[in-house]
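So the sequence shown is numbered by the working numbering: it starts at 259 and just counts up by one. Glycine included, C-beta positions come from ideal geometry on N, C-alpha and C. This one's a predicted model, so the numbers in the text were calculated from it and none came from an experiment. Structure, as structure tokens:
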Amino acid sequence: SMTNTAANDGFSEGLNASIGGATGDATAVGSFNLLGAGDTDSSSLVVGIDTTTAGAKSGTATITAQSDGAGTSNIAGNVDLADQTVNVSGNVYQTAQASVSIAPIDFGIVHVGDLAERTLAVSNTAPVAALNDTLTGGIDNFTNSRFSAPANLGTGVMAGGTDNTSLLVSMDTGSAGVLNGAMDLELFSHNQDLADLLLVDETIGLSGQVNEYANPAFDKSAGNGALTGSGVLFTLNFGDILLGSGVTLEATAAFGNNVLGTFVDLMDGDFVSTAGDFVVTNLLTGFDNAGAGIFFDVATIAFDSTGLSQGLYSGALVWQARGHNASGYEDFRNVTLAVRANIVDAASVPEPAVLLLLIPGLLIMLRFTESRRRTAA
Numbered sequence: 259s260m261t262n263t264a265a266n267d268g269f270s271e272g273l274n275a276s277i278g279g280a281t282g283d284a285t286a287v288g289s290f291n292l293l294g295a296g297d298t299d300s301s302s303l304v305v306g307i308d309t310t311t312a313g314a315k316s317g318t319a320t321i322t323a324q325s326d327g328a329g330t331s332n333i334a335g336n337v338d339l340a341d342q343t344v345n346v347s348g349n350v351y352q353t354a355q356a357s358v359s360i361a362p363i364d365f366g367i368v369h370v371g372d373l374a375e376r377t378l379a380v381s382n383t384a385p386v387a388a389l390n391d392t393l394t395g396g397i398d399n400f401t402n403s404r405f406s407a408p409a410n411l412g413t414g415v416m417a418g419g420t421d422n423t424s425l426l427v428s429m430d431t432g433s434a435g436v437l438n439g440a441m442d443l444e445l446f447s448h449n450q451d452l453a454d455l456l457l458v459d460e461t462i463g464l465s466g467q468v469n470e471y472a473n474p475a476f477d478k479s480a481g482n483g484a485l486t487g488s489g490v491l492f493t494l495n496f497g498d499i500l501l502g503s504g505v506t507l508e509a510t511a512a513f514g515n516n517v518l519g520t521f522v523d524l525m526d527g528d529f530v531s532t533a534g535d536f537v538v539t540n541l542l543t544g545f546d547n548a549g550a551g552i553f554f555d556v557a558t559i560a561f562d563s564t565g566l567s568q569g570l571y572s573g574a575l576v577w578q579a580r581g582h583n584a585s586g587y588e589d590f591r592n593v594t595l596a597v598r599a600n601i602v603d604a605a606s607v608p609e610p611a612v613l614l615l616l617i618p619g620l621l622i623m624l625r626f627t628e629s630r631r632r633t634a635a
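What follows is the structure in structure tokens.
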């Protein structure tokens, strides 16, 4: 701005001025005429700096002025006043340029307890200059609390740089289910002198599915014996059989996906082998895509004790389980059903008739002992 400081007494001339003669990085343009005594012009004379390149800028501009009597003294000819030099300086920053994918983030199918993370890589593709803005900002406003991420890019990404670690988006895998949500991404061009410039303001969709693992297991769907076990080893125990009894025991073995819930891996089963002292019939060679709690009868296992001697008899049925889901995940494991039967000598088992004879004798002895105690008292 420029002021005509002459006294406003009706006898002062007007002020003419123009600006020019810019040097260095300065720019200058403008003029005014007949600025009245005591008046100020704050818009006609404009100085600036060259913003075609980034960096610290400086230069000068020259104001030339005259006292003009038109309309006041009406003296012919203007009077030149002393030139004034204006120093001009400022900083020009190269704006940050954001490069980031705003496509929805799909975590795919993972398992309960897995670490599920996706990195949102952010690049500042601005050319390196004398003065550069940094790329700042971050993620917030998650619509589903099962998703989370660090808040921001910290001090920011320099020109030509990429940050592929700070914006790490996580999905909570504590329980099974299908998850959907969204988050907001805001990125700014930042420097110490100017207000932040918003570059990116986008909503990014989030999705994923958390599955329970398939859990292969044997079960007994019918017949004799007791089935126990877990993991990769189960046991079907027909128990003790009296020598010479000629007893035949039989059980139907089932194999399947022993897990509850809606979101579980499917399971295929394939027969591997059988061996031992047992007869296996009705053998199923395989099945596909068993869901939660689905079992298939895979074999009938029989043990005929006729003509066999005393001792422990054993065998095994082995199946391979393949857990899988639509993500391409698969896991193989062999699961064994061990089969046991024990033929025992009849002499080692108390006969019922002998027990019946022993019981009355024991009662008589107990009464006699009690009678002697009372007499002694």
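Delimiting residues of the beta strand (DSSP E) encompassing residue 476: Looking up residue 476 in the sequence shown gives position 218. Looking at the DSSP string, the run of the beta strand (DSSP E) that includes residue 476 is 474–481.
Run of the beta strand (DSSP E) containing residue 292, from where it starts to where it stops: On the sequence shown, residue 292 is found 34 positions in, with the first residue counted as 1. Residue 292 -> beta strand (DSSP E) spans 289–293.
Integer Cβ distance of residue 456 from residue 446, believed to fall under 8 angstroms: In the sequence shown, the residue the question calls residue 456 occupies position 198. In the sequence shown, the residue the question calls residue 446 occupies position 188. Yes, residue 456 and residue 446 are in contact; Cβ-Cβ is about 6 angstroms, under 8 angstroms.
Inter-stretch contact at 8 angstroms, needing at least 3 Cβ pairs: the segment 410–420 / the segment 469–478: no
Alpha carbon of residue 502 to alpha carbon of residue 478, nearest angstrom: What you label residue 502 is simply residue 244 of the sequence shown in a count that begins at 1. What you label residue 478 is simply residue 220 of the sequence shown in a count that begins at 1. Taking the straight line from one Cα to the other gives about 27 angstroms.
Rounded C-alpha distance that separates residue 576 from residue 556: Sequence index remark: in the sequence shown, residue 576 carries index 318 (1-based). Sequence index remark: in the sequence shown, residue 556 carries index 298 (1-based). Between residue 576 and residue 556, the C-alpha separation is close to 11 angstroms.
Beta-carbon gap between residue 279 and residue 320 smaller than 8 angstroms: On the sequence shown, position 21 is the one that residue 279 refers to. On the sequence shown, position 62 is the one that residue 320 refers to. The answer is yes: Cβ separation under 8 angstroms.
Buried or exposed by the 16-neighbour rule on C-beta atoms within 10 Å, applied to residue 333: Stepping through the sequence shown from its first residue, residue 333 is reached at position 75. So residue 333 counts as exposed.
Same chain, Cβ closer than 6 angstroms to residue 369, neighbours up to 5 away in sequence not counted: Mapped onto the sequence shown, residue 369 falls at position 111. So the qualifying residues of the chain are 469, 471.
Distance between residue 521 and residue 527 (C-alpha atoms, nearest Å): Along the sequence shown, read from residue 1 onward, the residue named residue 527 stands at position 269. Along the sequence shown, read from residue 1 onward, the residue named residue 521 stands at position 263. One C-alpha to the other measures close to 19 angstroms.
Where residue 584 sits in the DSSP three-state scheme: To locate residue 584, count along the sequence shown from 1; it is residue 326. Looking at residue 584 - three-state DSSP - the assignment turns out to be coil, as it is neither helix nor strand.
Residues that DSSP places opposite residue 571 in a beta bridge: Counting from 1 along the sequence shown, the entry for residue 571 is found at position 313. 599, per the DSSP bridge assignment.
Length-filtered (3 minimum) beta strand (DSSP E) runs lying within the segment 431–495: 435–448, 455–469, 474–481, 484–488
Assigned exposure category for residue 326 - 16 Cβ within 10 Å defines buried: By one-based count along the sequence shown, residue 326 stands at place 68. That one is buried.
For residue 604, three-class secondary structure by DSSP: In the sequence shown, counting from the first residue as 1, residue 604 sits at position 346. Three-state result, residue 604: helix.
Boundaries of the beta strand (DSSP E) in which residue 505 is found, first to last residue: Your numbering for residue 505 matches position 247 in the sequence shown. No beta strand (DSSP E) holds residue 505; DSSP gives it neither H nor E.
Close-in-space but distant-in-sequence residues of the same chain around residue 358 (CB under 6 angstroms, 5 per side omitted): Here residue 358 is taken as the residue at index 100 of the sequence shown, counted from 1. Once the five neighbours on either side are set aside, the close Cβ partners of residue 358 are 380.
Three-state secondary structure (DSSP) of residue 363: Numbered from 1 along the sequence shown, position 105 holds the residue referred to as residue 363. Residue 363: strand per DSSP, three-state reduction.
Local Cβ density within 10 Å of residue 565, reported as buried at 16 or more and exposed below that: Residue numbering aside, residue 565 sits at position 307 when the sequence shown is read from its first letter. Residue 565 should be labelled exposed.
Backbone secondary structure at residue 535 - three-state DSSP: As a first step, residue 535 must be located in the sequence shown, where it is residue number 277. If DSSP states are grouped into helix, strand and coil, residue 535 belongs with coil.
Beta-carbon proximity of residue 318 to residue 350, cut-off 8 angstroms: Translated into the one-based positions of the sequence shown, residue 318 becomes position 60. Translated into the one-based positions of the sequence shown, residue 350 becomes position 92. It is not a contact, given that the beta carbons lie outside the stated cut-off.
Beta-carbon proximity check, residue 480 vs residue 510, cutoff 8 angstroms: Counted from its first residue, the sequence shown places residue 480 at position 222. Counted from its first residue, the sequence shown places residue 510 at position 252. In contact: residue 480 and residue 510 (Cβ atoms closer than 8 angstroms).
Nearest candidate by alpha-carbon position, reference residue 410, set 492, 450, 443: Taking the first residue of the sequence shown as position 1, residue 410 is located at position 152. Among 492, 450, 443, the Cα nearest to that of residue 410 is on 443.
Residue 614 to residue 500 span [Cα, whole Å]: Position 356 of the sequence shown, counting from 1, holds the residue named residue 614. Position 242 of the sequence shown, counting from 1, holds the residue named residue 500. The pLDDT assigned to residue 614 is 44, lower than 50, so where the model puts this residue is not dependable; a value taken from the coordinates is nonetheless given after this. If you take the alpha carbons of residue 614 and residue 500, they lie about 21 angstroms apart.
Span separating the alpha-carbon of residue 348 from that of residue 304: By 1-based counting over the sequence shown, the position of residue 348 is 90. By 1-based counting over the sequence shown, the position of residue 304 is 46. C-alpha separation (whole angstroms): 15 angstroms.
Three-state secondary structure assigned by DSSP to residue 521: The residue given as residue 521 occupies position 263 in the sequence shown. In this structure, residue 521 counts as coil in the three-state DSSP scheme.
N-terminal and C-terminal residue of the beta strand (DSSP E) that residue 424 is part of: Mapped onto the sequence shown, residue 424 falls at position 166. No beta strand (DSSP E) contains residue 424, which DSSP labels as neither H nor E.
Length of the line joining the Cα atoms of residue 266 and residue 296: Numbered from 1 along the sequence shown, position 8 holds the residue referred to as residue 266. Numbered from 1 along the sequence shown, position 38 holds the residue referred to as residue 296. When rounded, the distance between both Cα atoms is 6 angstroms.
Pair within 8 angstroms by beta-carbon distance, residue 439 and residue 402: Residue 439 sits at position 181 when you count from the first residue of the sequence shown. Residue 402 sits at position 144 when you count from the first residue of the sequence shown. A contact, by the Cβ cut-off of 8 angstroms.
Ranges of the beta strand (DSSP E) found wholly within the segment 320–379, counting only runs of at least 3: 342–350, 356–358, 363–369, 374–377
Which of helix, strand or coil DSSP assigns to residue 497: On the sequence shown, residue 497 is found 239 positions in, with the first residue counted as 1. It is a strand residue.
Endpoints, beta strand (DSSP E) assigned at residue 400: Taking the first residue of the sequence shown as position 1, residue 400 is located at position 142. Unbroken run through residue 400: none, as it is neither H nor E.
Chain D within 8 angstroms of residue 347, Cβ atoms only: No chain D appears in this structure, which consists of one protein chain only.
Where residue 386 falls: helix, strand or coil (DSSP): Locating residue 386 in the sequence shown gives position 128, where the first residue counts as 1. Residue 386 falls in the coil class under three-state DSSP.
Buried versus exposed, by CB contacts within 10 Å (16 or more), residue 365: For the purposes of this step, residue 365 is taken as the residue at position 107 of the sequence shown. Buried, since its Cβ has 16 or more Cβ neighbours within 10 Å.
Residue span of the beta strand (DSSP E) that contains residue 276, given as start and end: Taking the sequence shown and counting its residues from 1, one reaches residue 276 at position 18. Taken as a continuous stretch (DSSP letters only), the beta strand (DSSP E) holding residue 276 covers 272–282.
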